[in-house]
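Read in order, the letters of the sequence shown are residues 0 to 458 in numbering that gives the first Met the number 0.
Virtual Cβ for every residue (Gly too), placed ideally from N, Cα, C.
Everything numeric in this text was worked out from a predicted model, so none of it was measured.
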Amino acid sequence: MILDISVVFIYAACMLLLGWYGMRRARNQEDYLVAGRNLGPAFYMGTMAATVLGGAATVGTVRLGYVHGISGFWLCAALGAGIIVLNLFLAKPLLKLRIFTVTQILERRYTPMARQASAVVMFTYALMIAVVSTLASGTVLQVLFDLPFWAAILLAGGVVVVYSSIGGMWSLTLTDIVQFVIKTVGLMFVLLPICLYRVGGWDELVAKLPETALSLTTIGYDTILTYFLIYFFGILIGQDIWQRVFTARSEGVARVAGSMAGVYCVIYGLVGALIGMCAKVLLPELENANNAFAAIVQNALPDGIRGLVIAAALAAMMSTASAGLLAASTTVTEDLLPKLRGGQASSLGMARLFTLLTGLLVLAIALVVNDVIGALTLAYNLLVGGILIPILGAIYWKRATTTGAIASMVLGCATAMSFMFKDGLEANTPIYYSLAVGLLAFVIGSLLTRPQARATRLA
């Protein structure tokens with residue numbers, strides 16, 4: 000255990016050191032928020048993949064593999080498909096705009112009021128993304144090292160808050176690359192082979208699991224559809240993902256390296272599901288499937304190697320936590336704060352301060368939330384249910400208006416919240432009904448009002 004703890008602490012120290020180096024490179028607002036818009040293929044691919052694949056994609060996919068078998072990979076498949084489509088079809092017009100936030104699109108197409116309304120939804124989404132990954136990393140430390148829950152959250156989340164606050168996107172990019180390498184080695188080339196060896200090989204794994212575990216549809220067609228509605232479309236409009244797109248040096252970098260990141264996400268999902276299936280064979284009586292990842296690491300790996308895989312899991316979670324944290328603070332400093340300050344733009348110092356304050360809020364929320372997949376679903380339900388329709392309308396429908404956009408945001412989010420409260424966080428109904436109500440409100444509201452004369456389309 001001492002060896003494992005040493006490996007994890009060395010990893011945390013390296014993240015802080017890279018954060019300090021990133022601080023030295025963040026000389027202005029553009030460096031801090033989008034890494035100077037100058038990332039090449041390797042950095043772009045690594046940071047994009049690291050951002051998407053966090054705590055829910057790691058711990059959550061292993062849990063889904065434990066419960067549903069290989070079909071648990073669909074969560075990551077939906078994320079990967081979203082990354083591919085975003086970089087192939089939307090990166091080009093986005094890079095030309097040279098903006099910082101998703102909601103700036105809405106201001107260009109509608110009015111500043113639409114930007115501020117959507118910024119509230121986007122802030123909530125990004126904040127919950129950071130909370131989910133902080134919670135997941137804290138849970139792993141708690142289970143494996145027998146730490147108090149609050150100490151595990153503060154240790155894992157505190158490192159993220161520090162390096163994100165001081166260096167912004169440059170710190171995130173540098174730490175993401177290291178995290179990408181660590182989690183690839185730790186999960187794909189260490190944990191999965193050892194788990195398969197402990198089971199007795201692929202043939203033994205197949206023999207010891209029911210046939211349904213090897214079906215790609217065991218998780219259910221309705222769940223697969225819901226994953227694509229929530230995660231695929233969520234990727235297309237999420238501030239944390241768009242902020243990574245803005246870092247690309249060119250359209251070609253985004254198109255090629257971004258597509259590679261999407262393919263990597265699908266492979267990562269298959270690896271996670273297979274690890275969960277191995278855990279089902281080795282540990283069939285787990286009381287809580289959410290602990291499948293931590294339990295298989297604890298039981299299947301020797302000292303030292305266990306520490307490496309824990310660091311790999313933390314790498315996946317911290318990269319997404321930092322992305323959500325910076326996305327939330329960017330939404331505040333670029334979309335909300337200037338309005339409160341009479342149009343005065345935010346400074347580099349202001350960006351650092353609000354990243355720190357947002358990080359403290361993330362830690363506070365993580366201490367009282369306990370469901371990783373549920374919290375992630377809450378974030379994406381609000382994002383997709385509230386903003387997808389207005390964003391698509393801003394890009395593709397000339398007749399769209401501010402009234403229709405705001406009505407869609409308000410009623411879409413309200414519908415999502417109502418059905419999550421009524422049917423549960425993991426129900427399929429919130430996203431279906433919120434999209435239906437949001438679309439209806441958007442069309443009716445737009446047709447009943449006059450479009451803005453200065454409206455600009457992206458496509």
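The alpha helix (DSSP H) that contains residue i, what's its start and end?
i	result
LYS182	148-182
LYS279	250-281
ILE104	102-108
PRO40	40-51
GLN123	One point to set straight first is that residue 123 is Thr, not Gln, in the sequence displayed. Element bounds for THR123: 111-144.
LYS95	90-96
ASN298	291-299
GLN238	238-244
PRO192	191-198
THR3	Residue identity check: residue 3 is Asp in the sequence provided, not Thr. Start and end: 1-24.
ARG305	304-330
VAL84	73-84
THR402	401-422
MET349	347-365
ILE69	It is not in any alpha helix (DSSP H) - ILE69 carries neither H nor E in the DSSP assignment.
GLU286	Here GLU286 belongs to no alpha helix (DSSP H), and DSSP marks it neither H nor E.
LYS207	201-207
SER445	428-446
Could you tell me whether the Cβ atoms of residue i and residue j are closer together than 8 Å?
i	j	result
LEU38	THR46	yes
LYS207	VAL280	yes
VAL33	THR225	no
THR57	PHE72	no
VAL270	LEU195	no
LYS66	ALA310	According to the sequence as given, residue 66 is Val; it is not Lys. No, the pair does not count as a contact, with Cβ atoms beyond the cut-off.
VAL361	ALA129	yes
ASP3	GLY303	yes
GLY403	GLY444	yes
LEU424	LEU381	no
GLY21	LEU173	yes
MET317	LEU204	no
GLY18	GLY200	no
THR217	GLY68	yes
TYR267	CYS75	yes
PHE8	ILE176	no
LEU356	ALA55	no
Please decide whether residue i counts as near chain C, where near means a Cβ-Cβ distance under 8 Å.
i	result
TYR10	The chain labelled as chain C is not found in the depicted structure, where only one protein chain is given.
Looking only at its own chain, which residues have a Cβ that is under 6 Å from the Cβ of residue i, when we skip the five neighbours before and after it?
i	result
PHE353	SER328, VAL331 and THR332
ARG62	ALA288, ASN289 and ALA291
ARG24	TRP169
SER321	VAL159, SER163 and LEU171
GLY137	ALA151, ILE152 and ALA155
LYS182	ALA311, ALA314 and ALA315
Using a Cβ-Cβ cutoff of less than 7 Å, which residues in the same chain neighbour residue i once the five nearest sequence positions on both sides are dropped?
i	result
PHE179	GLY45, ALA48 and ALA49
GLN141	PHE148 and ALA151
ASP239	THR50, ALA125, ILE128, ALA322, GLY323 and ALA326
LEU146	LEU140
GLY64	GLY71, GLY271, ALA272, LEU273, ILE274, GLY275 and MET276
VAL262	GLY79
Return the residue from the list the options that minimises the CA-CA distance to residue i.
i	options	result
TYR162	GLN141, ILE181, ALA56 and GLY358	GLY358
ALA406	LEU438, ASP334 and GLY137	LEU438
SER214	ASN27, ALA272 and LYS91	ALA272
ALA399	THR414, LEU381 and THR448	THR448
LEU335	GLN28, PHE88 and ALA116	ALA116
MET419	GLY373, ILE388, LEU446 and GLY35	GLY373
VAL198	THR211, ASN298 and CYS264	ASN298
LEU366	GLY411, CYS75, VAL131 and ASN86	VAL131
VAL189	ALA41, PHE8, PRO301 and ASP202	PRO301
TYR379	ALA415, THR319 and PRO92	ALA415
ALA350	TYR10, TYR31, MET187 and ILE9	TYR31
GLY385	LEU93, ALA118 and MET14	ALA118
ARG108	TYR395, ALA440 and CYS412	TYR395
PHE122	ARG26, GLU29, ILE236 and GLY219	ILE236
SER346	PHE441, PHE8, GLU29 and ILE9	GLU29
TRP241	LYS95, MET14, ALA440 and ILE1	LYS95
CYS264	ARG305, MET187 and LEU285	MET187
ALA440	ASP422, GLY392 and ALA260	GLY392
Below 8 Å CB to CB, which residues in the same chain sit around residue i once its five sequence neighbours on both sides are set aside?
i	result
LEU228	VAL383, ILE430, TYR431 and LEU434
PHE231	ALA77, LEU78, ALA80, GLY81 and VAL84
THR222	TRP73 and ASN427
ALA90	VAL244, ALA247, GLU250, ALA253, ARG254 and GLY257
LEU87	ARG254, GLY257 and SER258
GLU106	ALA113 and ARG114
When you measure from the CB of residue i to every non-hydrogen atom of the ligand ADP, does any distance come out below 7 Å?
i	result
ILE430	As for the ligand ADP, it is missing from this structure, which has no ligand bound.
Our contact map puts residue i next to residue j with C-beta atoms below 8 Å; I'd like the distance itself, whole angstroms only.
i	j	result
ALA125	GLY323	5 Å
VAL120	MET408	6 Å
LEU16	GLY185	Actually they do not touch by this definition, with Cβ atoms about 20 Å apart.
LEU104	ILE390	Note that residue 104 is Ile in the sequence shown here, rather than Leu. So it is a contact: roughly 7 Å between Cβ atoms.
ILE274	LEU282	Not quite, the Cβ-Cβ distance comes to about 12 Å (not below 8 Å), so this is no contact.
LEU134	VAL368	6 Å
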